[in-house]
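*Asks:* Just passing along the structure, written as structure tokens.
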Amino acid sequence: PAAAAARPRPGGAAPAARAAEMVFVWLAAFFLVVTLIVLVIFQLMCLADLEFDYINPFDSSSRINKVVMPEFIVQALLSALFLLSGHWAMFLLSAPMVYYNYTLYERRQHLVDVTEIFNHLSREKKRRLFKIAALIVLLFLSLFWMIWSVLEEHE
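Position one of the sequence shown corresponds to residue 12 (the working numbering), numbered consecutively onward.
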């Protein structure tokens, strides 16, 4: 009986290895979501500085544009992590943001234009606030599942 419990299941890894793998997946997801939140908050700070005239439009748009592609890449990595690890619900929650980023990129609307930044300031802030809200939901869910995986590993 003890040898049977230690033997891997026919469909996959041993239960302890699977639990450790899940902890790693959730930990990686947590850090990716935190990275995304930091990038989006940085963009919001640049927009707020521009709104209160602490920074000129060129500096603000160049700072925002430098972090847009890294944000898109990290978001795609997060969705790929959820997809490849079999967390379908989390993938379905993060996939719309990847699609939205892709459509912005395809329409060439992903970068902030220096000449139009004041005209689109409200829209750009709302776009990023929506992203923050979605990312906070993903953060709490990732944190919950990470804690759940750790507790499940110790049972």
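We put the beta carbon where it would ideally sit given N, CA and C, even for glycine. Every value quoted in this text rests on a predicted model; they were computed, and no experiment measured them.
Between the beta-carbon of K136 and the beta-carbon of L47, is there less than 8 Å?
*Replies:* no
*Asks:* Quick one: is S90 buried, meaning 16 or more other Cβ sit within 10 Å of its Cβ, or exposed?
*Replies:* buried
*Asks:* Apart from the five residues just before and just after L146, which ones in its own chain have a Cβ nearer than 7 Å to its Cβ?
*Replies:* V44, L47, I48 and V51
*Asks:* Pick from F42, S153 and S160: whose alpha carbon is nearest that of V34?
*Replies:* S160
*Asks:* Could you check where the alpha helix (DSSP H) with T114 kicks off and where it finishes?
*Replies:* W99 to E117
*Asks:* Can you tell which of S105, H98 and L94 has the C-alpha that lies nearest to the C-alpha of I143?
*Replies:* S105
*Asks:* Spatial neighbours of L38 within its chain, please: C-beta separation below 8 Å, excluding the five flanking residues on both sides.
*Replies:* M157
*Asks:* For L122, which of helix, strand or coil comes out of DSSP?
*Replies:* Coil, per DSSP.
*Asks:* State the CB to CB distance for the pair F63 and S153, rounded to an integer number of angstroms; the pair is presumed to be in contact (CB under 8 Å).
*Replies:* Incorrect: roughly 33 Å between the Cβ atoms, too far for contact.
*Asks:* Taking the alpha helix (DSSP H) that E127 falls in, what are its first and last residues?
*Replies:* If you look at E127, you'll find it isn't in any alpha helix (DSSP H); DSSP assigns it neither H nor E.
*Asks:* Where S96 and P81 are concerned, what is the direct C-alpha to C-alpha distance, given to the nearest angstrom?
*Replies:* 22 Å
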